[in-house]
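In this text, residue positions in the sequence shown follow the working numbering: the first is 12, and each later residue adds one.
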Amino acid sequence: MVGGLAAGGLLGVLLGNKKARKNVGKFAGGVVGYGGAAALGALAFRAYQNWQDGKSAQTPVTAAPNPGSSGSVPTLPPPAPVGSKFDPAAAPAADGRSFELALVLAMIGAANADGHIDAEEQKLIFERVGATELEASEKGFVFDALAKPPSLQEVADFADGPEQGAEIYLASRLAIDPDHPMEQAYMEALAARLSLPAELVAHLESQIAQMGA
């Protein structure tokens with residue numbers, strides 16, 4: 012099951028709900044276009060490094076020109092070192108499942124943060140999952156998770172250390188509308204359950220902002 016998910020395809024599908032649905036073009040040139048899970052690892056790695064180095068969480072980055080358009084696409088940081096704790100494929104989640112699957116579940120849990128994934132959101136996700144080249148078992152995994160989204164504590168329990176916690180935070184944050192009070196509260200509670208320091212959370216939020224998300 013890991014193959015299609017590790018390539019970022021399913022993560023990209025899930026980024027199609029909530030806030031991303033309002034601005035599909037931005038995401039098409041941003042995190043989704045950079046490969047899903049690997050992009051999350053790269054963003055988490057840079058945020059973690061900046062936090063450890065005591066840098067400001069507000070440092071801007073320069074966007075690279077988008078060929079063929081008048082706009083620009085965000086500049087993704089270099090990939091996390093292969094085999095490091097920020098490499099999503101390097102180690103399983105705390106419960107032994109593949110970490111890519113844990114990230115998918117984290118996004119589904121966040122999409123359900125307002126108490127439900129409504130019919131419009133489910134329809135959109137079903138359509139996008141159905142259009143992918145994922146195996147039937149992979150599609151079934153998503154549908155089962157949508158029927159019974161993981162709780163906040165279950166999501167937090169996926170993390171084996173702060174590195175995976177940072178990636179779970181990013182995946183969850185990208186799946187919500189941060190202006191919704193219930194979803195803001197969800198992210199605050201998730202950060203607390205993941206035991207992420209406030210300064211690290213600020214760096215993670217800075218990375219998201221710099222990606223235009």
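C-beta: ideal position from N, C-alpha, C; glycine also.
For this session: Starting from the C-beta of residue 191, find all residues in its chain whose C-beta is less than 7 Å away, skip the five residues before and the five after it, and write them out in chain order.
Result: The residues are 125.
Problem set entry | Status (buried if at least 16 other CB within 10 Å, exposed otherwise) for residue 96 | Of the other Cβ atoms in all chains shown, 16 or more fall within 10 Å of the Cβ of residue 96; this residue is therefore buried.
Problem set entry | Cβ distance (whole Å) where residue 167 is taken to contact residue 201 below 8 Å | Yes, residue 167 and residue 201 are in contact; Cβ-Cβ is about 6 Å, under 8 Å.
Exercise. What are the start and end residues of each continuous beta strand (DSSP E) run of 3 or more residues lying completely inside the segment 141-218, in chain order?
Worked result: Listed in chain order, nothing qualifies, since the segment 141-218 has no complete beta strand (DSSP E) run of 3 or more residues.
Exercise. So, are the CB atoms of residue 187 and residue 117 less than 8 Å apart?
Worked result: No, Cβ-Cβ distance for residue 187 and residue 117 is not below 8 Å.
Problem set entry | Assigned secondary structure, residue 134 (DSSP; H/G/I helix, E/B strand, else coil) | Here residue 134 sits in helix by DSSP.
Exercise. Do residue 53 and residue 89 have their CB atoms nearer than 8 Å?
Worked result: Cβ atoms of residue 53 and residue 89: closer than 8 Å.
For this session: Look at the alpha carbon of residue 59 and the alpha carbon of residue 218, and state the distance between them as a whole number of angstroms.
Result: The alpha-carbon atoms of residue 59 and residue 218 are separated by roughly 10 Å.
Exercise. If you run the structure through DSSP and keep just helix, strand and coil, what is residue 222?
Worked result: Coil at residue 222, not helix or strand.
Exercise. CB-CB under 6 Å to residue 44, same chain, minus the five flanking residues each way: which ones, in chain order?
Worked result: Below a pLDDT of 50, predicted positions are generally treated as unreliable, and residue 44, at 38, falls in that range; no measurement from the model is reported.
Exercise. What distance in whole Å lies between the Cβ atoms of residue 98 and residue 169, which are believed to be in contact at a cut-off of 8 Å?
Worked result: Taking C-beta atoms under 8 Å as the contact rule, residue 169 and residue 98 fail to qualify, at a distance of about 16 Å.
Exercise. Could you give the C-beta distance for residue 215 and residue 114, rounded to a whole number, given that I count them as a contact under 8 Å?
Worked result: Rounded, the Cβ-Cβ distance is 14 Å, inconsistent with contact.
Exercise. Is the beta carbon of residue 55 sitting closer than 8 Å to the one on residue 177?
Worked result: Contact flag set, yes.
Problem set entry | Backbone secondary structure at residue 128 - three-state DSSP | Looking at residue 128 - three-state DSSP - the assignment turns out to be coil, as it is neither helix nor strand.
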